[in-house]
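Numbering (full-length UniProt numbering), first residue to last: 1 to 279.
Encoded structure:
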């Protein structure tokens, strides 16, 4: 179990980046087990049809679940407006964890935390989270208030947090580290993420060798590739991670060997957006 907002919640989160009403039944099933941590965002979907509107609809339809979930919401670049925008979209309940999606490089983290603290006092949000920040920023924010969680990309194709101090900082400060990147094979045609440098044709030619090596290892274990990739992330100390199998030390050593021999190609984002990571 993982503790978020002083509550034990399931290690299995429920991302809402591509949620539609068809996702209500599986989301509903999450509530039959441990309290889930659904992750919504103001920018998940269109202005007229986004995850916050679906969250409101879901909790209106299943009111008995509203107080069980620990709801995490990612806001826009401007916390001054997006905090109230997100709260207004949901209206049916407050937000447990609010995370600025990216930090403005021209605004000190101290100013952002001061602003978000006002919304904590007003009970719009319960606690503050961070997204795509550096170890230094995490420490600065932690000195000012309790940080509920840090959302950072971690996968076999994105291992930066293991070497740039973020993972160690979160472990030292007792802050849950959340999130995992979607494998390219699970991105549907038309998904904007397929246009990112790491997934374009030139980079994927090289990255597919890593994917094939992991697939080969998974098949030898009688696992599916996604299962192996997810339990690796869990073993590294992050959540949300589904699945019940546990990799052995030998498995982890083999994965480390694969990662050492196959360099991931391509940046995660394009142009200026790449500069907004690890602020």
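Glycine included, each C-beta is placed from N, C-alpha and C at the ideal position. No experiment lies behind these values; they were computed from the predicted model shown.
Query                                                                                                                : Result
Supposed contact pair residue 237 and residue 177 - C-beta distance, whole angstroms, cut 8 Å                        : 7 Å
Among 124, 98, 160, the one whose alpha carbon lies nearest that of residue 147                                      : 98
CA-to-CA distance, residue 75 to residue 239, given in whole angstroms                                               : 20 Å
Touching by the beta-carbon criterion (3+ pairs, under 8 Å), the region 125-142 and the region 101-109               : yes
Endpoints, beta strand (DSSP E) assigned at residue 7                                                                : 7-9
Sub-8 Å separation of residue 113 and residue 135 beta-carbons                                                       : no
Whole-number beta carbon distance between residue 210 and residue 217, since they are thought to touch under 8 Å     : In fact, because the Cβ distance is near 11 Å, the residues do not count as touching under 8 Å.
Identity of the residues DSSP links to residue 166 by a beta bridge                                                  : Answer is none; residue 166 lacks a bridge partner.
Euclidean distance between Cα positions of residue 235 and residue 161                                               : 14 Å
Opening and closing residue of the beta strand (DSSP E) in which residue 96 lies                                     : 95-100
Helix, strand or coil at residue 38 according to DSSP, with G and I counted as helix                                 : strand
Other residues of its chain near residue 167: CB distance less than 6 Å, five sequence neighbours each side excluded : 161
Top-ranked residue by Cα proximity to residue 137, from 123, 208, 126, 152                                           : 152
Cβ distance (whole Å) where residue 96 is taken to contact residue 70 below 8 Å                                      : 5 Å
Residue 73 and residue 52 closer than 8 Å at C-beta                                                                  : yes
Span separating the alpha-carbon of residue 156 from that of residue 226                                             : 10 Å
Under 8 Å between C-beta atoms of residue 139 and residue 169                                                        : yes
Proximity to residue 154 [Cα-Cα], best of 233, 7, 62, 68                                                             : 233
Nearest residue (CA-CA) to residue 9, options 109, 37, 230, 117                                                      : 37
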